[in-house]
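Asker: Residue numbers (the numbering used here), protein chains in the order written: chain A, 1 to 447; chain B, 448 to 740.
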Amino acid sequence: MKKKLLILGVVLVLLVSMLAGCAGNQGAKTPSASTGSNTGSSGDKFQSRTIKFLSIWPEDDKNSNGWIVSELSRQYGETVDGFKLEYEYVAIDQLDQKVKILMSSDDLPEVCTYESGVRLKQVIDAGLILNVEETFTELGIRDCLDEGAVSLLKRLVDGKGLYCVPLGLNMEGFWYNKALFEKAGIQKAPETWDEFLEVCEKLKAAGITPIVQGGSDNWPMTRVLNAYLVRSVGPNAVQDAVTGKKKFTDPEYVAAAQMFQDMAKKGYFAEGMNTIDPGTATSMLMNGQAAMNYDGSWKVSNLNSDDNTAGPEGIGFFNVPVVNDSSTILDYSMNCGNILMFSKKKYDDKVADWMKYVFPKLGDFAMQETGAFKGFSISKMPEDTTYYTQLVAEHLAKAQGAFLWFEAKMDSETSTIAQQSISLLYTGEITAEDYMRLLEETAAKSR
Amino acid sequence: MERVLGDKKAIALMVLPALIIFVGVIFVPIVWTFIYSLFSGMPGFKFEYVGFSNYINMWSNKQTVAAIKMNWKYILFVTPGQVGFGLLVSLMMYFSIKKFKTLSRTIVFIPTILPTVAVAQMFAKMYEMVPNYGLINALLDLAGLDRYIQPFLGQPNTSFGALVVMDIWTAIGFYTVIIYGALVDIPHELLEAARIDGASGVKLFTKIVFPMIRTIMITCLVFSFTGTIKLYESATALTKGGPGFATTSMTMNMYQNAFLFDQYGYASAVAILILAQCLLVTFIINKLSREKY
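The following block contains the structure:
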């Protein structure tokens, strides 16, 4: 009898603990329905002044954006008692998923890395994040943000306002190996697309691979397609097609895909380019295995390093050549990299105080330590800037207008299709029409 | 103690916790997933009841259909490959190798314990063409077969083949060890008697050896099938599902839908489809295994 009771007891305990577990789950799920409410209190979390920072950069990765923020926070911590930055690392491909889960339980951290564009717009629409323009103006630190970056960020969310701070101000274009250009007898960088094709032809004739892109990541290839599309249709080409004002299957869009495929067929791209990763592509450019590489100004850190066998001035830069008068050579492809957004619910005096310390210093600090523009105003350029940093600064100063990358305005499904299928366009597995039809069909779903 | 174990109620009570955990861990999520599959969107955001339309739309979704086709093509190559080569190697070990049996078994088993990502990196290097020739292209170059030099992972057909070769290579050791275990269990007298009766080679295998290891072979087929229908990490690590969608499996399609496209409901429907195929084929294999010849 005693044994029976014992068994019964054990079973009961097990049952109760399991049910408790289930109930716990239920409890955790309920608030997900109330997305957007700001009624919850953050409790005593702030008494200890812990600010949580969700980042996609390993904390010890010196010169990364994560390190910059955490280093400035450490300096802030020295001036304030009990302040702590809780650094949470999440791999970049897990970020979107993580943020979605945090959003559904209204538990975004105080500071959170994310990407601008369609995704940020969803968070803005859910009403979960701070309006940075208002907050920074209130705190009197609005002028620490670079105007070019601000207008770009606003445009990325269709003019909804400024809801994030930039962590980069990059421009994109073609980087070229000067020695190889000289070897092929090319005097100057091309400004029109016809000149560009001539350059490719000359390089090829000289036995040099004209262009290499890190095609295994796909986006480096869609960038080249986009370059021609923007120059032939205009800076709003993709936006117009996504919203339905135009169609991806319109002849001028197909022509851009055709140009990309023709260039592949003529052998202007490195052979087997869709198996090369972007890092290798950069090395190939620097080693003289290929003459040109379309990439962003983030490449400067590679170019500044000792690995750059082309030397301190061996690589040049030219903007995307123009096709017709739909855009000028002073319009650059620009982006702000990953961004930071701030939870509205968890914002308070302590966070404000931290912001007032960190962000006005960020631009100069990043320039000093890493030589990179972060989209913050810079009060003084360091004296020992390299040729490459100056090159980027010169072009940024010249920029009169900006256009976005290919997938910036696409929803995630269209963007995935665009990227995965570009490889087939490159290998000739599908035609330009097929490619654009795929995009049109996918984009039409969410119109 | 005997009295307790003789009492059916007591047995029921003891089994109950395990049963509840089993049901809770296996069946509840399946039912849950099925319920999710009747919705569109993402829980917490736009989550609407849509009935069975996810199941209907699936067949007009090019990517999903391509993933189903690709996955089945993969199974058709890889499952027979894994089990077949496993059988060949184990027969070789049992009948031909007289010395260093343990050593050769260990060597054959090594690929199985290597992490998938490491194996994929190794194979990617072997298949490489730019910037430097990988092992295969270098050998082709040496042999003067320049026209066969190609980016193996950059073309739909070859990248599928590259994946198949890698996944067969990885699993041979596993099936070799299992089948070898079954071969060792065959009574020696039986083989000897067969040999005395004049059976040898193919006949010995088809009439004596194979019937004796049949159940193990069935188990191997089920293992291999359930492994291949869930193809995910090796394809992700080697080709990222590309070029295009040439090596995107059903589970990868499910993942994309759930976590990239925010279509949790649709992804659940794909999950249920995978489950249904798994159950169906396992059922068929079991059915065949019960048949007598």
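Here a beta-carbon is modelled for each residue, glycine too, at the ideal position from N, C-alpha and C.
Bear in mind the structure is a predicted one, so any value in this text is a computation, not a measurement.
(1) By how many angstroms is the C-alpha of A565/B removed from the C-alpha of K744/B?
(2) Between K154/A, V322/A, R49/A, V242/A, which has its C-alpha nearest D331/A's C-alpha?
(3) Have a look at M355/A, E271/A, W354/A, G375/A and flag the residue whose alpha-carbon is nearest the alpha-carbon of D364/A.
(4) Do Y294/A and A227/A have their C-beta atoms closer together than 8 Å?
(5) Distance check for I211/A and M576/B, CA to CA, integer angstroms please.
(6) State yes or no: is the beta carbon of Q703/B nearer than 8 Å to at least one beta carbon in chain A?
(7) Could you check whether G620/B and I558/B sit closer than 8 Å to each other, using their CB atoms as the reference points?
(8) Just to make sure I have the definition right: I need the residues of chain A whose C-beta is within less than 7 Å of the C-beta of P476/B. Which are they?
(9) According to DSSP, is C112/A part of a helix, a strand, or is it coil?
(10) Taking only three categories from DSSP, how would you classify W175/A?
(11) Write down every uninterrupted run of the beta strand (DSSP E) in the region 516-540 of chain B whose length is 3 residues or greater and which is fully enclosed by it, in chain order.
(12) Within this structure, are the beta carbons of F174/A and M292/A separated by less than 8 Å?
(13) DSSP puts S343/A in a beta bridge; with which residues?
(14) Could you tell me which uninterrupted alpha helix (DSSP H) segments, each at least 4 residues in length, are contained entirely in the region 355-420 of chain A, listed from first to last along the chain?
(15) Taking 8 Å as the cut-off, does the region 309-316 of chain A touch the region 178-194 of chain A (at least 3 CB pairs, one atom from each stretch)?
(16) Which chain D residues are close to T416/A, counting only those with a beta carbon under 8 Å from its beta carbon?
(17) What do you get for G272/A, buried or exposed, if any count of 16 or more other CB atoms within 10 angstroms of its CB means buried?
(18) Counting only the same chain and skipping the five closest in sequence on each side, list residues whose C-beta sits under 7 Å from that of K677/B.
(19) Just grab the DSSP bridge partners of V165/A for me.
(20) Specify the secondary structure class of G601/B as computed by DSSP and reduced to three states.
(21) Taking Cβ positions only, does G608/B come closer than 8 Å to chain A?
(22) DSSP on I482/B, reduced to helix/strand/coil?
(23) Do you know offhand how far C419/B's Cα is from A618/B's?
(24) Would you mind telling me which residues of chain A sit closer than 7 Å to L600/B, beta carbon to beta carbon, in chain order?
(25) How would you list, in chain order, the residues of chain B whose beta-carbon sits under 8 Å from the beta-carbon of G279/A?
(26) Have a look at L438/A and S671/B and give me their C-alpha separation to the nearest angstrom.
(27) So M505/B and V717/B are in contact, right, with Cβ under 8 Å, and what is the actual spacing, rounded?
(28) Identify whether N335/A lies in helix, strand or coil by the three-state DSSP scheme.
(29) Give the range of the beta strand (DSSP E) segment to which I51/A is assigned.
(30) Can you give me the C-alpha to C-alpha distance between I721/B and V624/B, rounded to a whole angstrom?
(31) Applying the criterion that 16 or more other CB atoms from any shown protein chain within 10 Å of the CB defines a buried residue, is G645/B buried or exposed?
(32) Excluding the 5 residues flanking K456/B on each side, which residues of the same chain have their C-beta closer than 6 Å to its C-beta?
(33) Output yes if chain B places a C-beta closer than 8 Å to the C-beta of T455/A; else output no.
(34) Can you find the residues in the same chain that come closer than 6 Å, C-beta to C-beta, to C200/A, ignoring five residues on each side of it along the sequence?
(35) Could you check if A397/A is buried or exposed, using at least 16 other CB atoms within 10 Å of its CB as the buried criterion?
(36) Measure the C-alpha to C-alpha separation of T370/A and K62/A and round it to an integer number of angstroms.
Answerer: Put simply:
(1) Chain B is shown from 448 up to 740; residue 744/B falls before or after that span and cannot be answered.
(2) V322/A
(3) G375/A
(4) yes
(5) 16 Å
(6) yes
(7) Note that residue 558/B corresponds to Pro in the displayed sequence, not to Ile. Yes. Within cutoff.
(8) Neighbours of P476/B on chain A: none; closest Cβ ~12 Å, over 7 Å.
(9) strand
(10) strand
(11) none
(12) yes
(13) I129/A
(14) 387-398
(15) yes
(16) In the structure shown, chain D cannot be found, because the protein chains are A and B.
(17) buried
(18) T698
(19) L340/A
(20) helix
(21) no
(22) helix
(23) Any question about residue 419/B goes unanswered here, given that chain B covers just 448 to 740.
(24) T275
(25) The contacting residues do not exist; G279/A stays about 11 Å from chain B at best.
(26) 34 Å
(27) 7 Å
(28) strand
(29) 50-55
(30) 28 Å
(31) exposed
(32) none
(33) Nothing can be reported for residue 455/A: it is not among the residues displayed for chain A, which extend from 1 to 447.
(34) P210, Y268
(35) exposed
(36) 9 Å
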